[in-house]
Structure formats: C-alpha cells, structure tokens
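Before any comments, here is the structure.
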Amino acid sequence: MLDLLPDLFDHYSDGLTLLPIRFFSYGKKVIFYGEVVTVQCIDDNSKVKSVLSKNGKGKVLVVDGQGSSKALLGDMIAKSALENEWEGVIVNGNIRDVMCIRTLDLGVHALGTHPMKTQKRGKGDINVSLEIAGINIQPKMWVYADANGVALSPRAIDLSVLTE
C-alpha cells in the first residue's frame, strides 16, 4: 500500500478527523499508525525522551511543541523510539538530525527542522489532552499518517477492508 489516508477517508470519512496542518515526513517509514500517547512541551524535550525510552509497540507519540522553535526530536531519541518499538512520532514543532532520521524505520512527521536542541529541565506533560489546529487529541485515540497527512479516530480502524 502506497497511500493510506485516501483509502481511509473513502471508507471511513464519518469516523475520521484530518489534522489540518501540513506536516513533512522525515522517517523511513512513510505509512504508520497506532494508539495515541501525548506529550505537551515547550523548548524542553525531556518528556519526549522519557516516553520514547519505554515500550511503544503499536503506539504513536503526538508531541505538541506549541510553537517551540528548537528541535524536540533528534537522532538519539528517534533511535530510542525505534529500539522500543514505537510506530512513529508526530511533532507539532521541529526536529533535527534529519539525514539520520531518514534512515530509521520509524514514522516521523514534523512541521520543520531546527539544528539546535532544547534544554532539558524536566518540563512538560504526558498523556494530557492536546489541541492542535483546533482539533482535540486525546490519549488512547488512534492516529493514521502517511505522505498525505495525519488523521485521527476515536478507535482503531479495521484496515483489512482497504485494497492495495
């Protein structure tokens, strides 16, 4: 399957919400989906690092950087996510180490890039409700992403009905 979201919207348009932001795809894994885990942080990726250091099988981390200009994800944290079986990371903010991240079999969407890392002060919140571009994102929702964008669903979707 080369595209996921067009087929999902063809079959499940009533149950999906498109996140109306243009994210760029940086990871090697272009199509990814899973149960939502959230982090809200500004200029501090401590909580991102902490969450991605734990088992994430079947999960996607959604990070709301709230306009943070510095990178909230870099190669070392992305490698940790991959080692801990995360499906992907969606960052409403910037990432860095893009050429390395492109080689990792991890889904990574972000608004852009910035070469500077954040300071680690332990600030931020885990598994809280987020509002990104007017869309409410709750932990335990499901997120589906590909090169066409990012969609949210209140529950897992049966992908077996989709055709190649």
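Each residue of the sequence shown is one higher than the one before, counting from 0 in numbering that gives the first Met the number 0.
Ideal Cβ positions, reconstructed from N, Cα and C, are used throughout, including at glycine.
Keep in mind the model is a prediction, meaning the values are calculated, not measured.
Annotation for Arg101: Tyr25, Gly26 and Lys27 place their beta carbon closer than 8 Å to its own, counting only its chain and skipping 5 residues before and after.
The segment 64 to 101 contains, as complete alpha helix (DSSP H) runs of 4+ residues, the segments 74 to 82 and 97 to 100 (chain order). Going by DSSP, Val107 is part of the beta strand (DSSP E) stretching over Gly106 to Thr112. The C-beta distance from Ile76 to Leu51 rounds to 6 Å, short enough to meet the 8 Å contact threshold. Taking each of Ala150, Leu161 and Val160 in turn and checking the Cα distance to Gly14, the smallest one comes out for Ala150. The beta carbon of Lys53 is closer than 8 Å to those of Asn83 in its chain, skipping five residues each way along the sequence.
With contacts defined as CB atoms closer than 8 Å, Lys116 and Glu34 fail to qualify as a contacting pair. When Pro5, His10 and Thr16 are compared, the shortest CA-CA separation from Ala132 is found for Thr16. Between His108 and Phe23, the CB-CB gap stays under 8 Å.
Judged by DSSP secondary structure, Phe31 falls outside any alpha helix (DSSP H) and instead within the beta strand (DSSP E) spanning Phe31 to Gln39. A straight-line Cα-Cα distance of about 12 Å links Leu110 and Leu72. Annotated as proximal: Ala144 and Phe31, with beta-carbon spacing under 8 Å.
If you draw a straight line from the Cα of His10 to the Cα of Ser159, it is about 11 Å long. Assigned with DSSP and collapsed to three states, Ser52 falls in coil, not helix or strand.
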